[in-house]
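Enquirer: Before we start, here is the structure in question, set down as structure tokens.
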Amino acid sequence: MSEDLELHAVVHLVRPLRLRARGLAELREGVAAASPTSLFHHAVQYQLRAPTDDELPPDDFSAWAHGVLQDREAAERLSFAIQSAPRGSEPLRGALLRTLAGLHERPGRAAPEGGEFVFLAVDSVAVSTGVRARDPAGLMEGLARAAPSVWFYHLIERPWFDEADPEVTGWLRARGEDALAGWLAHAAASGRPIGVIRRQLLERWRRRRLGVRVAEAARRPEGERAAAAHDAVAGLVRRLRRPEERS
Amino acid sequence: MSTTTGLPGGAPREARSTSLIEGYRAIVGDGPIQVLEALGRRLHGHRVVMVNSTATGGGVAEILHRMVGLLNELGVPTTWEVMPGDAAFHAITKTLHNTLHGAPGTLTEQDAEHYHEVTQRAARTLALDGDLVFIHDPQPAALVMHRRQPGQRWLWRCHIDLSHARPEAWEFLAPIVERYDAAIFSHVAFVPSLGLPAFLAPPSIDPLSDKNRELERDEEESLLAPLGLPTRRPWVTQVSRFDRLKDPVGVIDAFRLVRAREPAQLVLAGGSADDDPEGAEVLAEARARAAGLEDVSILELAPDAHRTINALQRHSTVVVQKSLREGFALTVAEALWKRRAVVASAVGGIPLQVLHERTGLLVRSVEGCAYQVTRLLRSPELRRRLGAQGREHVRRNFLHPREARDYLAVFALLLELHGGGGARAAG
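First to last, the sequence lines map onto chains A and B.
Quick note on this note's numbering: the first sequence kicks off at 230 and runs consecutively.
Quick note on this note's numbering: the second sequence kicks off at -4 and runs consecutively.
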């Protein structure tokens, strides 16, 4: 209970492998032989390439099938397989192999020279940001200022390699934040872009803190209480209005 | 040769009033800088020595000029050594450079002997006592054979395109490179078969340098006025060393096709690096090809004409990079950073920067170059769209903080692989 949570950023160093594919059959062979860090690079790490966008960029396999092979069906089925596969290299490999087995090689759909799919792998270098959270409020404060790679490392990368929920969710549960931990565990596994998870988590935390602040304000002098109540009502109005604005 | 700034004696120094880190933070945001600072803390106490073959001219010297300062600011003591060499050595390494790019040429046994003799002499004089020795390109590569100390890590950085290397050129270099702990290449297509870890890290430009910083209109005009270039026609510009692989003659041929359809002024601006003996010859070839063409201007710039290059690029309507082979072509990133519309050959690392129809236009021929330049001259909206997207692409991927991050991460990985700090390699 007493241990702090240290926030880490991560840098991915990319290395080429000897595996290459010119068509879907060779892609299947490559997926079967690729290292876990290669599958991670092509089907997970791509999420960090446009971390602030609301929409995920395409993963490498479907981008290649779409852009080079011009095989739209293969691209969409690979995309779906990647986004719906459970965490971990073997579940992902299995999903990709099943998808590729169901796709027939179209005649003339081989990559031209120079357009081969080159399997790459990554070495992840995790470094401490120097931020250590002692409690949930400290964690949220640290995350609010953290680089996208910090979010990616704690919510996506480590859980993917560990095939488990993020360590941070266990840490939150141990501090009584079950609802927040449950929401975060679901969000991290959902395939939502990091930028979206970041926005939604910090918004949830702000809203949750509002109630705490009101309770604390009840013990304060009248003037301070009035200001806190005003903030709370204003926030409530904003939340109530939001569905109307969307409709 | 090293100084307290870490820069070699011949390297130019630009005046700077604020820290590099804060300057970069204002451009790339806090997140990437936090990661850099974390890596700097991780490597605290480890000394790095950078080595290349020229202090001025060419993209590598430009990168090192700033990278050395940045790494020092991050708390990683870094010095820069320049490999000395005579004219014969530079001629040999130029042949090696060209043949590694796939151009014709032969290295004789005497050439190989002289290359190793010069390297051996240099190895006795250079201060290569860092924990990490980071060698750039083939010229100083063989230092690893003569000066490696126990406990040191040696890293080779290849800035050139080896995808079309002549087999005999690579056979000469490969046994040298195999002595390193790891190598870094700019593009996946450049990586040869090697028995050591090979990482990918494209090079980058410095948004704070005289060559890339914002210029006031008055400053831009005062820099361009002495050049006496016509200003009534839109400029189509290629900024590059006068080197056959940059194809200045091909640019002139493409421009001949353009000028028949749209009025424009071609500006070919370049200098030569200290280690490039062919520059004068190629400049003469370009002048001969442009003889009699009033709308072609050929400028021979001093190696330190960074602000002039900045002004030329900013004033250009279209920037061309019609290289036949490229390592990376930093001039493309420079032009994109300035929101210029770029037409460039689909060679080497250029397609990493120019995403066709998104951040610029890729071409594969003289005719293609003429077609796309004409198209851009006619469409301000296309120029604006490509320019805006190009700048953002460079901001995310091709500025110095990203390259420094990659280097520091490789250092951390190498040091840990050999029993150093605590970097974690996932999987």
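Ideal Cβ placement from N, Cα and C applies to all residues, glycine included.
Interface residues of chain A around Leu408 of chain B at Cβ under 7 angstroms?
Expert: Your numbering for residue 408 of chain B matches position 413 in the second sequence. Simply Leu242, Asp352 and Val354.
Enquirer: Near Ala410 of chain A, which residues of its chain fall below 7 angstroms by C-beta distance, leaving aside the five closest residues on each side in sequence?
Expert: As a first step, residue 410 of chain A must be located in the first sequence, where it is residue number 181. The answer, listed in chain order, is Thr398, Leu401 and Arg402.
Enquirer: Can you tell me the Cα-Cα spacing of Val55 of chain B and Ala366 of chain A, whole angstroms?
Expert: Looking up residue 55 of chain B in the second sequence gives position 60. Looking up residue 366 of chain A in the first sequence gives position 137. Roughly 46 angstroms separates the two Cα atoms.
Enquirer: Using beta carbons (cut-off 8 angstroms, strictly below), is Ser313 of chain A in contact with chain B?
Expert: The residue labelled residue 313 of chain A in the question sits at position 84 within the first sequence. No, because no Cβ of chain B sits closer than 8 angstroms to the Cβ of Ser313 of chain A.
Enquirer: What residues of chain A sit near Asp290 of chain B, judged by a beta carbon separation below 7 angstroms?
Expert: Start at 1 with the first residue of the second sequence, and residue 290 of chain B comes out as number 295. Going along chain A, no residue has its Cβ under 7 angstroms from Asp290 of chain B, so there is no contact; the nearest lies around 36 angstroms.
Enquirer: Report the residue ranges of all alpha helix (DSSP H) runs contained in full by the region 69 to 145 of chain B; include only those spanning at least 4 residues, in chain order.
Expert: Runs found: 82 to 95, 104 to 120 and 138 to 142.
Enquirer: Would you kindly work out how many angstroms separate the C-alpha atoms of Leu157 of chain B and Arg433 of chain A, rounded to a whole number?
Expert: Counting from 1 along the second sequence, the entry for residue 157 of chain B is found at position 162. Counting from 1 along the first sequence, the entry for residue 433 of chain A is found at position 204. Spanning the two alpha carbons is a distance of roughly 52 angstroms.
Enquirer: For a contact defined as C-beta to C-beta under 7 angstroms, what are the partners of Val347 of chain A on chain B?
Expert: Here residue 347 of chain A refers to the residue found at position 118 when the first sequence is read from its first residue. In chain order: Val183.
Enquirer: Going along chain A, which residues have a C-beta under 8 angstroms from Asp401 of chain B?
Expert: Mapped onto the second sequence, residue 401 of chain B falls at position 406. Per Cβ cutoff of 8 angstroms: Val240 and Leu242.
Enquirer: Would you call the region 59 to 72 of chain B in contact with the region 376 to 394 of chain A, where contact means no fewer than 3 C-beta pairs closer than 8 angstroms?
Expert: With the cut-off at 8 angstroms, the region 59 to 72 of chain B and the region 376 to 394 of chain A do not touch.
Enquirer: For Gln409 of chain B and Leu439 of chain A, what's the separation of their Cα atoms in angstroms?
Expert: Along the second sequence, one-based indexing puts residue 409 of chain B at 414. Along the first sequence, one-based indexing puts residue 439 of chain A at 210. According to the sequence shown, residue 409 of chain B is Leu rather than Gln. One C-alpha to the other measures close to 47 angstroms.
Enquirer: Against Gln245 of chain A, what residues of chain B qualify as contacts under a CB-to-CB distance less than 8 angstroms, listed in chain order?
Expert: By one-based count along the first sequence, residue 245 of chain A stands at place 16. According to the sequence shown, residue 245 of chain A is Pro rather than Gln. In chain order: Val183, Val186, Ala193 and Leu195.
Enquirer: How big is the Cα-Cα spacing for Gly416 of chain B and Ala404 of chain B?
Expert: Counting from one through the second sequence, the residue named residue 416 of chain B turns up at place 421. Counting from one through the second sequence, the residue named residue 404 of chain B turns up at place 409. The predicted model places Gly416 of chain B with a pLDDT of 37, which falls under 50 and marks its position as unreliable; any figure quoted below should be read in that light. Near 12 angstroms, if we compare the C-alpha coordinates of Ala404 of chain B and Gly416 of chain B.
Enquirer: Taking the beta strand (DSSP E) that Gly265 of chain B belongs to, which residues open and close that run?
Expert: Position 270 of the second sequence, counting from 1, holds the residue named residue 265 of chain B. Gly265 of chain B -> beta strand (DSSP E) spans Gln260 to Gly265.
Enquirer: Whose CA, out of B:Ala399, B:Glu76, B:Arg284 and B:Thr90, lies closest to the CA of Phe167 of chain B?
Expert: As a working note, residue 167 of chain B is residue 172 in the second sequence. Answer by Cα proximity: B:Thr90.
Enquirer: Identify, in the order they occur along the chain, each residue of the same chain with its Cβ nearer than 8 angstroms to the Cβ of Pro135 of chain B, setting aside the five sequence neighbours on each side.
Expert: In the second sequence, residue 135 of chain B corresponds to position 140, counting from 1. Excluding sequence neighbours, Pro135 of chain B sits near Val46, Asn47, Ser48, Met78, Thr114 and Ala117.
Enquirer: Given a threshold of 16 other Cβ atoms within 10 Å of its Cβ, counted over all protein chains shown, does Arg161 of chain B qualify as buried or as exposed?
Expert: In the second sequence, counting from the first residue as 1, residue 161 of chain B sits at position 166. Arg161 of chain B comes out buried.
Enquirer: Give the DSSP bridge partners of Asn392 of chain B, in chain order.
Expert: The residue you call residue 392 of chain B lines up with position 397 of the second sequence. Note: Asn392 of chain B sits in no beta bridge, so no partner.
Enquirer: To which residues of the same chain is Ser357 of chain A closer than 7 angstroms at the C-beta, ignoring the five residues directly before and after it?
Expert: Reading the first sequence from its first residue, position 128 is the one you call residue 357 of chain A. Excluding residues within five positions, the ones whose Cβ falls inside 7 angstroms are Glu235 and His237.
Enquirer: Do the region 173 to 193 of chain B and the region 238 to 258 of chain A meet, that is, are 3 or more Cβ pairs less than 8 angstroms apart?
Expert: Yes, the region 173 to 193 of chain B is in contact with the region 238 to 258 of chain A.
Enquirer: Threshold first: 4 residues or longer. Then list the alpha helix (DSSP H) segments lying entirely within the region 179 to 260 of chain B, N to C.
Expert: Counting only runs of 4 or more, we get 212 to 219 and 243 to 254.
Enquirer: Contact defined as beta carbons within less than 8 angstroms: I believe Gly266 of chain B pairs with Leu219 of chain B. What is the distance between those atoms, to the nearest angstrom?
Expert: If you number the second sequence from 1, residue 266 of chain B lands on position 271. If you number the second sequence from 1, residue 219 of chain B lands on position 224. With a Cβ gap of about 17 angstroms, Gly266 of chain B and Leu219 of chain B do not count as contacting.
Enquirer: Indicate whether at least one CB of chain B lies closer than 8 angstroms to the CB of Ser291 of chain A.
Expert: Numbered from 1 along the first sequence, position 62 holds the residue referred to as residue 291 of chain A. No, its Cβ sits nowhere closer than 8 angstroms to a Cβ of chain B.
Enquirer: Measure from the alpha carbon of Lys241 of chain B to the alpha carbon of each residue in B:Leu278, B:Glu32, B:Val172 and B:Arg208, then state which is nearest.
Expert: Within the second sequence, the letter at position 246 stands for residue 241 of chain B. The residue with the shortest Cα to Cα distance from Lys241 of chain B is B:Leu278.
Enquirer: Kindly indicate if chain A contains any beta-carbon less than 8 angstroms away from that of Ala164 of chain B.
Expert: The count along the second sequence starts at 1 and reaches residue 164 of chain B at position 169. Chain A, which has no Cβ nearer than 8 angstroms to the Cβ of Ala164 of chain B, makes this no.
Enquirer: Can the beta-carbon of Gly317 of chain A be found less than 8 angstroms from the beta-carbon of Trp380 of chain A?
Expert: Residue mapping note: residue 317 of chain A aligns to position 88 of the first sequence, counting from 1. Residue mapping note: residue 380 of chain A aligns to position 151 of the first sequence, counting from 1. No. Outside cutoff.
Enquirer: Which one or two residues does DSSP pair with Asp352 of chain A in a beta bridge?
Expert: The sequence position of residue 352 of chain A within the first sequence is 123, counting from 1. In the DSSP output, where bridge partners are listed per residue, Asp352 of chain A has A:Leu242.
Enquirer: Which of helix, strand or coil does DSSP assign to Ile155 of chain B?
Expert: Residue mapping note: residue 155 of chain B aligns to position 160 of the second sequence, counting from 1. Coil, per DSSP.
Enquirer: Along chain A, which residues have their Cβ under 7 angstroms away from the Cβ of Gly26 of chain B?
Expert: For the purposes of this step, residue 26 of chain B is taken as the residue at position 31 of the second sequence. What Gly26 of chain B touches in chain A: Ala376 and Pro377.
Enquirer: Apart from the five residues on each side of it in sequence, which residues of its chain come closer than 7 angstroms, Cβ to Cβ, to Gly420 of chain A?
Expert: Position 191 of the first sequence, counted from the start, is the residue given in the question as residue 420 of chain A. Result list for Gly420 of chain A: Gln312, in chain order.
Enquirer: Could you check whether the Cβ of Arg36 of chain B sits closer than 8 angstroms to any Cβ belonging to chain A?
Expert: One-based indexing of the second sequence puts residue 36 of chain B at position 41. Cβ-Cβ to chain A under 8 angstroms: yes for Arg36 of chain B.
Enquirer: Can you give, in chain order, each stretch of the alpha helix (DSSP H) that sits fully within the region 325 to 388 of chain B and has at least 4 residues?
Expert: Entirely contained in the region 325 to 388 of chain B, the alpha helix (DSSP H) runs reaching 4 residues are, in chain order, 325 to 332, 345 to 348 and 361 to 373.
Enquirer: Tell me which residue opens and which closes the alpha helix (DSSP H) that Ser311 of chain B is part of.
Expert: The count along the second sequence starts at 1 and reaches residue 311 of chain B at position 316. Note, Ser311 of chain B: premise wrong, no alpha helix (DSSP H); not H, not E.
Enquirer: Excluding the 5 residues flanking Val466 of chain A on each side, which residues of the same chain have their C-beta closer than 8 angstroms to its C-beta?
Expert: Along the first sequence, read from residue 1 onward, the residue named residue 466 of chain A stands at position 237. For Val466 of chain A, where only same-chain residues beyond five positions count, there are no Cβ hits under 8 angstroms.
Enquirer: Since Ile293 of chain B sits in a beta bridge, which residues does DSSP pair it with?
Expert: Position 298 of the second sequence, counting from 1, holds the residue named residue 293 of chain B. In DSSP, Ile293 of chain B forms a bridge with B:Leu263.
Enquirer: For the region 353 to 419 of chain A, list the alpha helix (DSSP H) runs that are entirely contained and at least 4 residues long, ordered along the chain.
Expert: Segments of the alpha helix (DSSP H) lying fully in the region 353 to 419 of chain A: 365 to 374, 377 to 380, 387 to 391, 396 to 402 and 407 to 418.
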